[in-house]
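S.K.: Each residue of the sequence shown is one higher than the last, beginning at 1270 in our numbering.
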Amino acid sequence: MLVEMYRDMLGKKSVIRELSEFATARGREIGYENVFDYSLGNPSVPVPQAFTDEMIRLLQETDSNVLHGYSPSLTIPSVRTAVAESLKKRFGIPYEMDHIFMTSGAAGAIAHAVRMIAKAGDEILTFAPFFPEYHPYVDHAGPVLKVVPAQTDTFQINFAAFEEMLNEKTAAVLINSPNNPSGVVYSEETLTRLAQILTARSREYSHPIYLITDEPYREIVFDGKEAPCPSKFYDNTIMCYSFSKSLSIPGERIGYVAVNPACEEAKTLIQMCGQISRGIGHNCPSSIIQLAVAKCLDITADLSVYERNMNLIYDELVSLGAQVVRPGGTFYIFPKAPEEDAVAFSKKALKYDLVLVPGDSFGAPGFYRMAYCIATEKVERSLPVLRRFIRENY
């Protein structure tokens, strides 16, 4: 007997992936350089040379059994130590090795975080607009994901709706800042108020409400700023990170869980990660990649192209009269469509070979996402096409 849950998912494939597949197929017809594909958030800048050099050095100088063997159940101690020291230096939080667990990207980190602190019947709240894959990440683990409606004028947190939805079943709150799809960075004021509410409700319900933070875009922040670190605002925070964007290595699938040392039973939570891995088959991420990123914790790829692209697209949208919140980071922008039905809007755009993702699956109908992790030259060529599309149809 096939499991019906997964059979049902075949009819509910990711809209993002379906549009990306359309763009690829269309590219075979007219040349991919002529398809303005804003669908998929796949980093487009080169990997730092330092990462490549470290991979070569490891292959040439390190015992092959070390490089290609299983890592320990709690992942490689020297790598965990290096991550802890880097976080301690950067954020002033006293992380140690025992607060770190290496994972298969941020998705793997969230998979562990959810299972650490929530069970069937519990609820996890997140804020629209949100990454659609949070539903399978959470729902298939046993808890239920509940989505707080968006505050569409700023895409900061809709606190009125949030406080109404909090209840005794709430085990955790899952946030993503800098945010996919809006590009918004949660402000210090937002994080302070969020922490105050979680502290008060945890006391009221006599159990901790954890904060799970999805932070793969932490290094892609604009205007010379840094994204505030949520772990500095709330003790019971579980940080989920990926090197996919900072080092431009999404295919290597490497990230980590970092439990705030002030979190209740912080070291026990990390010990639990090793047991969770046994249950979900997510154990032992690539040893060579763990070792390589440990030497590249404080560097990034050249991420400046994303800010250049953002400014080009934002200025064009503003000139077209679009309602759009200026991104503070990431490589996404999330304008309001010029008609109520963003799905219909996106279908019309395909006739111009513009691939835009409707915001319905992000929990924000009427908006659409553009992933501008593409060459600046292509962004520049797309703008007259976008202008023609809008003016001819709206």
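C-beta: ideal position from N, C-alpha, C; glycine also.
Could you tell me if His1337 is buried or exposed, where buried requires 16 or more neighbouring beta carbons within 10 angstroms of its beta carbon?
M.R.: It counts as exposed.
S.K.: So, for Ile1444: in the same chain, excluding its five sequence neighbours on each side, which residues have a beta-carbon less than 6 Å away from its beta-carbon?
M.R.: Once the five neighbours on either side are set aside, the close Cβ partners of Ile1444 are Thr1482.
S.K.: Going by DSSP, what residue range makes up the alpha helix (DSSP H) through Asp1408?
M.R.: Element bounds for Asp1408: 1403-1408.
S.K.: CB Asn1448 to CB Phe1428, shorter than 8 Å?
M.R.: Contact: no.
S.K.: How is the alpha helix (DSSP H) around Thr1344 delimited, first residue to last?
M.R.: Where Thr1344 is concerned, there is no enclosing alpha helix (DSSP H), given that its DSSP letter is neither H nor E.
S.K.: For Lys1501, which of helix, strand or coil comes out of DSSP?
M.R.: Three-state result, Lys1501: helix.
S.K.: Per DSSP, Thr1395 forms a beta bridge with which residues?
M.R.: Thr1395 is bridged to Val1416, Leu1443.
S.K.: I want to know whether the stretch 1618-1638 touches the stretch 1292-1303 - three or more CB-CB distances under 8 Å.
M.R.: In short, these stretches touch, since the Cβ pair count reaches three.
S.K.: Could you give the distance in angstroms between the alpha-carbon of Val1316 and the alpha-carbon of Leu1560?
M.R.: One C-alpha to the other measures close to 16 Å.
S.K.: Do Ile1602 and Val1612 have their CB atoms nearer than 8 Å?
M.R.: It is not a contact, given that the beta carbons lie outside the stated cut-off.
S.K.: Locate the alpha helix (DSSP H) running through Phe1658, then write down its first and last residues.
M.R.: Element bounds for Phe1658: 1645-1662.
S.K.: With distances taken from CA atoms, which of Lys1605, Gly1296, Ala1378, Phe1360 is nearest Ser1511?
M.R.: Taking only the C-alpha atoms, the option nearest Ser1511 is Ala1378.
S.K.: Since Asp1584 is in the alpha helix (DSSP H), which residue starts that stretch and which ends it?
M.R.: 1573-1588 is the extent of the alpha helix (DSSP H) around Asp1584.
S.K.: Indicate whether the contact test is met: 3 or more Cβ pairs, each with one atom in the stretch 1489-1497 and one in the stretch 1317-1331, closer than 8 Å.
M.R.: Output reads no: the stretch 1317-1331 does not touch the stretch 1489-1497.
S.K.: With distances taken between CB atoms, is the gap from Arg1522 to Gly1374 smaller than 8 Å?
M.R.: Result yes, Cβ atoms of Arg1522 and Gly1374 sit closer than 8 Å.
S.K.: Should Leu1744 and Val1442 be called a contact, given that it needs their Cβ atoms to be closer than 8 Å?
M.R.: Residue 1744 lies beyond the range of the chain shown here (1270 to 1663); nothing can be said about it.
S.K.: Which value, in whole angstroms, describes the spacing of the CA atoms of Pro1596 and Gly1452?
M.R.: Answer to the nearest angstrom: the Cα atoms are 4 Å apart.
S.K.: Quick check on the burial criterion: 16 or more other C-beta atoms within 10 angstroms. Buried or exposed for Ser1517?
M.R.: Buried is the call here.
S.K.: Kindly provide the ranges of any alpha helix (DSSP H) runs that are 4 or more residues long and lie completely inside the stretch 1495-1559, ordered along the chain.
M.R.: Counting whole runs of 4 or more residues, the stretch 1495-1559 contains the alpha helix (DSSP H) stretches 1535-1549.
S.K.: Between which two residues does the beta strand (DSSP E) carrying Leu1480 extend?
M.R.: Taken as a continuous stretch (DSSP letters only), the beta strand (DSSP E) holding Leu1480 covers 1479-1483.
S.K.: Which ranges does the alpha helix (DSSP H) cover as unbroken runs of at least 4 residues, wholly within the stretch 1323-1390, from first to last along the chain?
M.R.: Listed in chain order, they are 1333-1337, 1346-1360, 1374-1386.
S.K.: Nearest to Val1648 by alpha carbon, out of Leu1356, Gly1628, Gln1465, Phe1600?
M.R.: Checked all of Leu1356, Gly1628, Gln1465, Phe1600; the closest Cα to Val1648 is Phe1600.
S.K.: What residue range does the beta strand (DSSP E) around Arg1638 cover?
M.R.: From DSSP, the beta strand (DSSP E) with Arg1638 extends over 1637-1640.
S.K.: Go ahead and pull the three-state DSSP assignment for Lys1617.
M.R.: Reduced to three states, the DSSP call for Lys1617 is helix.
S.K.: Roughly how many whole angstroms lie between the Cα atoms of Met1274 and Pro1405?
M.R.: C-alpha separation (whole angstroms): 11 Å.
S.K.: May I ask which residues mark the beginning and end of the alpha helix (DSSP H) holding Asp1422?
M.R.: Segment: none, Asp1422 is in no alpha helix (DSSP H) and carries neither H nor E.
S.K.: Excluding the 5 residues flanking Gln1420 on each side, which residues of the same chain have their C-beta closer than 6 Å to its C-beta?
M.R.: Only Asn1427 meet the Cβ criterion.
S.K.: Closest to Val1272 by CA distance: which of Ala1389, Gln1318, Val1335, His1409 is it?
M.R.: Nearest C-alpha to Val1272: His1409.
S.K.: Under the rule that 16 or more other beta-carbon atoms within 10 Å means buried, what is Arg1650, buried or exposed?
M.R.: The residue in question, Arg1650, is exposed, as its Cβ has fewer than 16 Cβ neighbours within 10 Å.
S.K.: Give the secondary structure of Gly1296 by DSSP, where H, G and I count as helix, E and B as strand, and everything else as coil.
M.R.: If DSSP states are grouped into helix, strand and coil, Gly1296 belongs with the helices.
S.K.: Residues bridged to Leu1467 by DSSP?
M.R.: For Leu1467, which the question treats as bridged, DSSP gives no partner whatsoever.
S.K.: Drop a sphere of 10 angstroms on the beta-carbon of Val1587, count the other beta-carbons inside from all chains shown, and report buried for 16 or more, exposed for fewer.
M.R.: Exposed, since its Cβ has fewer than 16 Cβ neighbours within 10 Å.
S.K.: Output yes or no for whether 8 Å exceeds the beta carbon distance between Ile1466 and Glu1432.
M.R.: Yes, the Cβ-Cβ distance between Ile1466 and Glu1432 is below 8 Å.
S.K.: Starting from the C-beta of Ala1389, find all residues in its chain whose C-beta is less than 6 Å away, skip the five residues before and the five after it, and write them out in chain order.
M.R.: Once the five neighbours on either side are set aside, the close Cβ partners of Ala1389 are Gly1411.
S.K.: Determine the burial state of Asp1504: buried for a count of at least 16 other Cβ atoms within 10 Å of its Cβ, exposed for fewer.
M.R.: Looking at its Cβ environment, which holds 16 or more other Cβ atoms inside 10 Å, Asp1504 is buried.
S.K.: Can you look up Ile1426 in the DSSP assignment and give me helix, strand or coil?
M.R.: In the structure shown, Ile1426 sits in coil (DSSP, three-state: anything other than H, G, I, E or B).
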